[in-house]
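*Asks:* Start counting the sequence shown at 1; every next residue gets the next number (full-length UniProt numbering). The beta-carbon is built from N, C-alpha and C at its ideal position, and this holds for glycine as well. Remember, it's a predicted structure, so these values are computed and weren't measured experimentally.
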Amino acid sequence: MRLDKFLAHAGLGTRKEVKQLIRSKRIKVNGQLVRNDDLKIDETNDIVLLDDEAVSYEKYIYMMLNKPAGVISATFDEKQATVMDCFDQYIPMDAFPVGRLDIDTEGLLLITNDGALAHDLLAPKKHVDKIYYVKVAKAITQAAIEALEAGIQINEEERCEPAAVRQISDDEMELTIHEGKFHQIKRMMHAVGNEVVYLKRLQMGSLKLDESLACGEYRPLNEAEIHALKNREADL
1 MRLDKFLAHA GLGTRKEVKQ LIRSKRIKVN GQLVRNDDLK IDETNDIVLL DDEAVSYEKY
61 IYMMLNKPAG VISATFDEKQ ATVMDCFDQY IPMDAFPVGR LDIDTEGLLL ITNDGALAHD
121 LLAPKKHVDK IYYVKVAKAI TQAAIEALEA GIQINEEERC EPAAVRQISD DEMELTIHEG
181 KFHQIKRMMH AVGNEVVYLK RLQMGSLKLD ESLACGEYRP LNEAEIHALK NREADL
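1) Buried or exposed for I168, going by 16 or more other Cβ atoms inside 10 Å?
2) Measuring CB to CB, does R201 end up less than 8 Å from K130?
3) Cα separation between D4 and I22?
4) Spell out the partners DSSP gives Y60 in its beta bridges.
5) Should the region 107-116 be regarded as contacting the region 53-70, the criterion being three or more beta carbon pairs within less than 8 Å?
6) Quick check: the Cα distance between G216 and N194, rounded to an integer number of angstroms?
7) Can you find the residues in the same chain that come closer than 7 Å, C-beta to C-beta, to V18, ignoring five residues on each side of it along the sequence?
8) Output the distance between the C-alpha atoms of S56 and S73, rounded to the nearest integer angstrom.
9) If you follow the beta strand (DSSP E) that A164 is in, where does it begin and where does it stop?
10) Measure from the alpha carbon of G31 to the alpha carbon of each residue in R100, D46, D37, then state which is nearest.
11) Using alpha carbons as the reference points, say which of E179, L33, T141 lies closest to G151.
12) Classify F96 as helix, strand or coil using the three-state DSSP reduction.
13) Going by C-alpha to C-alpha distance, which of L175, A95, I27 sits closest to Y60?
14) If we count the other Cβ atoms within 10 Å of its Cβ and call it buried at 16 or more, is D235 buried or exposed?
15) Is T105 buried or exposed, if buried means 16 or more other CB atoms sit within 10 Å of its CB?
16) What is the residue span of the alpha helix (DSSP H) that K186 lies within?
17) In the region 119-173, which residue ranges form an unbroken beta strand (DSSP E) of at least 3 residues, counting only runs that do not cross its ends?
18) Spatial neighbours of M84 within its chain, please: CB distance less than 6 Å, with the 5 preceding and 5 following residues excluded, ordered by chain position.
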């Protein structure tokens with residue numbers, strides 16, 4: 001692999017930016033300063049240093065983010081902060097959020113550069129469950145619960161498939177859905193005469209939000225979590 005490609009994939013910047021790192025004599029390979037950005041390296045065995053700190057290479061990264069309110073689920077935006085701005089460490093330039101949470105929604109968001117896994121988790125035919133904590137403005141009625149569990153019409157053209165409801169209190173519930181319609185839960189609540197006050201995603205497929213993560217914090221997935229996501233169908 002070319003050195004500049006390796007550095008860019010490790011999240012150190014764009015190809016142009018990492019070329020500047022090399023030309024600034026900040027990169028060493030196996031202890032030797034290099035200034036040739038098209039140097040071929042063995043990403044598995046060669047030791048690459050930036051300012052004498054090791055640069056690790058992983059083909060795929062899997063990060064769990066407890067998304068805070070106020071950031072959008074995108075990789076870049078000229079006007080608003082994105083979920084990628086939550087990261088203060090280098091991550092690959094091709095990493096992206098799997099799915100989308102509204103700007104005012106908090107909770108579990110997977111960040112990865114594994115396109116195949118992302119497609120598997122988001123494909124409608126896969127029916128991957130997503131569990132949310134929902135706080136609403138008014139008391140939840142039994143009629144509303146029954147309507148949500150039966151599948152509800154949210155406009156003339158769109159109908160949501162049946163959801164699972166676990167009532168926590170008069171105005172709190174856990175809601176399980178497997179679709180990903182635009183503003184879906186807010187529109188579902190509106191359809192039953194209520195409004196969302198607070199929304200937080202707790203789980204996506206087998207992946208559960210680590211409650212030790214404060215809003216805006218993140219951690220890499222462990223091997224068991226990655227295995228469970230990748231082998232979901234085999235474990236059914």
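*Replies:* Per the coordinate set shown:
1) exposed
2) yes
3) 8 Å
4) Partner(s): none; Y60 has no beta bridge.
5) yes
6) 28 Å
7) D4, L7, A8, L12
8) 26 Å
9) 164-169
10) D46
11) E179
12) strand
13) A95
14) Legend: pLDDT at D235 = 48, less than 50; position of this residue unreliable, value from coordinates given subsequently. So D235 counts as exposed.
15) buried
16) 184-191
17) 130-136, 164-169
18) T75
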